[in-house]
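Residue numbers (full-length UniProt numbering): 1 to 339.
This is the structure we're talking about:
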């Protein structure tokens, strides 16, 4: 005879084992973290709401919490069997909140704190994937202090001379295209740098690659990382900025992307390779540009992909014929087994 469910849950939490290992078939109580204090707070709240909704529809007992002073006491009072982190930017992707979850003994979906720190810093991530032989646009990263101390005019002139035009400027950390812009002429670069520094202390200036913008999500449900179909991104205004990302109707998406079979395979292989090279686990999303010759270029990787109604991972899951709730539940099960 199986023990009573309440006794099983208590035993599972005390021994830090998943509930099905104690004789239950369901995942049990899980926590979705959303919100935070980064510039991407509102997007995070929307992602968290979406994940919580699809998990509830899949029969999971879900609690949603912000990362404020009430989080640690609440987790200590009622430890979840696993957590799903939908925090974007800042502590959600730099590994900080995951370090806290490890201190609390709560297994979570996604990369370890160390892997997050490498992936979250775009110049570092580019260096790692380049060392694995992956294409990534030539670039330079400049802290605000260096930019000012060495003389902005002289430094910017050398950047244009060495990298050419057009360029793409973005903060070295963060997401949702905040502080990012295309520079098509030299006189646009100073304003782009100022806009970038409003969202971070270091700017990444890349050679702009003209081509098809795609995102490739990678998931690992315990059998190794696999890529979901690439999603092609076609913003109405030509730039996939914050409004284009999160305002319905501002961007057209094609899932799967309208690529040749060879280009599609190259994109999915690059996303899995980046996921592996950066030491990620469970889930990630790699952003790429595919040039006219069908060659993909790595731009950046996201360790906490957006899960809103206009986000790319849910589109990729649908294109692959996967139910989003079942996918999220499966990721939580993997995390809970890992303990």
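All C-beta atoms, glycine included, are put in the ideal place defined by N, C-alpha and C. Predicted model, so just to flag it, every value in this text is computed and none were measured.
Same chain, Cβ closer than 6 Å to residue 61, neighbours up to 5 away in sequence not counted: Closer than 6 Å at the Cβ level, and outside the excluded window around residue 61, lie 29.
Span separating the alpha-carbon of residue 209 from that of residue 291: Between residue 209 and residue 291, the C-alpha separation is close to 7 Å.
Cα-Cα separation between residue 24 and residue 211, rounded to whole angstroms: Only weak support exists for where residue 24 lies, its pLDDT of 34 falling under 50; the value from the coordinates is given anyway. Cα to Cα, residue 24 sits roughly 50 Å from residue 211.
Alpha-carbon spacing of residue 223 relative to residue 194, whole angstroms: Roughly 45 Å between the two C-alpha positions.
Range covered by the beta strand (DSSP E) that runs through residue 65: Residue 65: member of the beta strand (DSSP E) spanning 61-65, first to last residue.
Segments assigned alpha helix (DSSP H), at least 4 residues, entirely inside the stretch 42-86: Secondary structure remark: continuous alpha helix (DSSP H) runs of at least 4 residues inside the stretch 42-86, in chain order: 71-77.
Euclidean distance between Cα positions of residue 50 and residue 306: Those two C-alpha atoms are separated by around 10 Å.
Cβ-Cβ separation, residue 95 to residue 282 (assumed contact under 8 Å), whole Å: Under the criterion of beta carbons closer than 8 Å, residue 282 and residue 95 do not qualify as touching, at roughly 14 Å.
Buried versus exposed call for residue 198 [16 or more other C-beta atoms within 10 Å across all chains shown]: Counting Cβ neighbours within 10 Å, residue 198 comes out exposed, since fewer than 16 surround it.
Candidates 104, 86, 129, of which the one nearest residue 287 by Cα: Nearest C-alpha to residue 287 among 104, 86, 129: 129.
Sequence-distant residues of its chain with Cβ nearer than 6 Å to residue 336 (five each side left out): For residue 336, where only same-chain residues beyond five positions count, the Cβ hits under 6 Å are 18, 81, 82, 107.
Assigned exposure category for residue 76 - 16 Cβ within 10 Å defines buried: With fewer than 16 Cβ atoms within 10 Å of its Cβ, residue 76 is classed as exposed.
Counterpart residues of residue 287 in DSSP-defined beta bridges: Per DSSP, the beta-bridge partners of residue 287 are 215, 300.
Three-way DSSP call (helix, strand, coil) for residue 154 in this model: In the displayed model, residue 154 falls within a helix according to three-state DSSP.
Nearest to residue 88 (by Cα), restricted to the options 125, 40, 177: The option with the nearest alpha carbon to residue 88 is 40.
Helix, strand or coil at residue 181 [DSSP, three-state]: Residue state, collapsed to three classes: strand.
Residue span of the alpha helix (DSSP H) that contains residue 103, given as start and end: Per DSSP, residue 103 is one residue of the alpha helix (DSSP H) stretching across 96-103.
Extent of the continuous alpha helix (DSSP H) run through residue 342: Residue 342 lies beyond the residue range present for the chain, which begins at 1 and ends at 339; the question has no answer from this structure.
Helix, strand or coil at residue 109 according to DSSP, with G and I counted as helix: DSSP places residue 109 in coil when its eight states are reduced to three.
Presumed contact (8 Å Cβ cut-off) between residue 139 and residue 204, rounded CB distance: Contact between residue 139 and residue 204 holds: their C-beta atoms lie close to 6 Å from each other, under 8 Å.
Residue closest to residue 285, alpha-carbon to alpha-carbon, out of 312, 184, 146: Cα-wise, what sits closest to residue 285 is 312.
Residue 206 - containing beta strand (DSSP E), residue span: 202-207 is the span of the beta strand (DSSP E), which, as asked, contains residue 206.
Collapsed DSSP secondary structure at residue 332 in the structure displayed: In the structure shown, residue 332 adopts helical secondary structure according to DSSP, grouped into three states.
As assigned by DSSP and simplified to three states, the class of residue 124: If DSSP states are grouped into helix, strand and coil, residue 124 belongs with the helices.
Coarse secondary structure for residue 252, derived from DSSP in three states: It is a strand residue.
Alpha-carbon to alpha-carbon, residue 164 and residue 301: Approximately 25 Å, taken between the alpha carbons.
Whether residue 255 touches residue 215 by CB criterion (7 Å): Here residue 255 is not near residue 215, since their CB atoms are 7 Å or more apart.
Alpha-carbon to alpha-carbon, residue 78 and residue 265: Those two C-alpha atoms are separated by around 45 Å.
Nearest candidate by alpha-carbon position, reference residue 275, set 191, 118, 53, 196: Answer by Cα proximity: 118.
Run of the beta strand (DSSP E) containing residue 314, from where it starts to where it stops: Residue 314 -> not in any beta strand (DSSP E); alpha helix (DSSP H) instead, spanning 312-319.
Beta-carbon gap between residue 257 and residue 227 smaller than 7 Å: No, the Cβ-Cβ distance between residue 257 and residue 227 is not below 7 Å.
Which of helix, strand or coil DSSP assigns to residue 29: DSSP places residue 29 in strand when its eight states are reduced to three.
From 234, 296, 273, 277, residue whose alpha carbon lies closest to that of residue 262: For residue 262, the nearest C-alpha among the options comes from 296.
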